[in-house]
Amino acid sequence: MIRVLVAYASERGGTAEIADWVGAGLRQAGVDADVRPAGQVTTLDGYDAAIVGGALYAGRWHREARHFVRRHADTLTHRQVWLFSSGPLDRTAEERDIAPAPGVAKVARRIGAEGHATFGGRLTPDARGFMASKIAKRMSGDYRDRAQVTEWAAGIGRELRKVAV
Ligand SMILES: Cc1cc2nc3c(=O)[nH]c(=O)nc-3n(C[C@H](O)[C@H](O)[C@H](O)COP(=O)(O)O)c2cc1C
24 MIRVLVAYAS
34 ERGGTAEIAD
44 WVGAGLRQAG
54 VDADVRPAGQ
64 VTTLDGYDAA
74 IVGGALYAGR
84 WHREARHFVR
94 RHADTLTHRQ
104 VWLFSSGPLD
114 RTAEERDIAP
124 APGVAKVARR
134 IGAEGHATFG
144 GRLTPDARGF
154 MASKIAKRMS
164 GDYRDRAQVT
174 EWAAGIGREL
184 RKVAV
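All residue numbers for the sequence shown refer to the numbering used here, where the first residue is 24 and numbers rise by one.
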């Protein structure tokens, strides 16, 4: 069975949950998926493909996602890899494709990623932290769309199965 690693970097849990939905979408399409925090992954041995996701903070991918790709760049270059970002605190990610942040686009080019998706984010009204609490006053909410995430992941799962035949 094809095995996919879903590695994520999340500060407040929203992206971690998206990664779980990605894992569920992959399994729905008939591939095996392990969902793990990017900082805890030491090897990609045993995985046929990877999906790397990170929360967006101040226009950048969460540092653990960046470090993960840097650490495993050689291996990732030789695997099929998809990336996702989670951020926008409005409905735009449901309405249209949002291009990756410049740093994420650079990472995608470097490892030859197959694709990238931007999903809506989540910020709770009681978010802690100087900037986070300020932003939460204006735009707290949950803009993640589970169906959109599942469909994206299932599409990847189907593609991997097709290639494996
Ligand atoms: C301080 C701060 C900065 C943020 N900067 C961005 C940003 O540059 N782009 C974006 O799309 N979302 C931004 N967001 C929204 C987060 O990406 C969103 O809340 C996301 O769901 C957080 O993921 P997490 O719960 O996994 O940490 C920001 C949120 C905070 C609190």
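Using N, Cα and C, we set each Cβ at its ideal position, and we do this for glycine too.
Residues near residue i by beta carbon distance below 6 Å, same chain, minus five either side
i: Val54; result: Ile25, Val27, Gly180, Leu183
i: Val58; result: Val29, Ala42, Asp43, Gly46
i: Tyr70; result: Arg26, Leu28
i: Ala56; result: Val27, Val29, Gly46, Leu49, Arg50
i: Thr173; result: Trp44, Gly48
Any non-hydrogen atom of ligand 1 within 7 Å of residue i CB
i: Glu118; result: no
i: Pro148; result: no
i: Trp145; result: Sequence inspection shows Arg at residue 145; the Trp mentioned does not correspond to that position. It does: the Cβ of Arg145 is within 7 Å (strictly closer) of some heavy atom of ligand 1.
i: Leu106; result: no
i: Gly196; result: With the chain covering only 24 through 188, there is no way to say anything about residue 196.
i: Ile74; result: no
i: Gly126; result: no
Contact set for residue i: own chain, Cβ-Cβ below 8 Å, skip 5 residues either direction
i: Val64; result: Leu28, Ala30, Phe91, His95
i: Thr98; result: Leu67
Contact under 8 Å by Cβ, residue i with residue j
i: Arg102; j: Ala72; result: yes
i: Leu244; j: His139; result: The chain is shown only over 24 to 188; residue 244 falls outside these bounds and no answer can be derived.
i: Ala124; j: Ser109; result: no
i: Glu118; j: Asp168; result: no
i: Thr115; j: Gly77; result: no
i: Ala88; j: Ala155; result: no
Alpha-carbon to alpha-carbon, residue j and residue i
i: Ala131; j: Arg86; result: 15 Å
i: Met206; j: Ala52; result: Outside the modelled stretch of the chain, which goes from 24 to 188, sits residue 206, for which no answer is possible.
i: Ile74; j: Gly36; result: 17 Å
i: Ala128; j: Trp84; result: 10 Å
i: Pro148; j: Gly135; result: 38 Å
i: Tyr166; j: Gly143; result: 5 Å
i: Gly62; j: Glu40; result: 16 Å
i: Ala170; j: Lys157; result: 30 Å
i: Lys160; j: Arg145; result: 13 Å
i: Asp120; j: Trp175; result: 12 Å
i: Glu34; j: Gly164; result: 16 Å
i: Val104; j: Glu137; result: 6 Å
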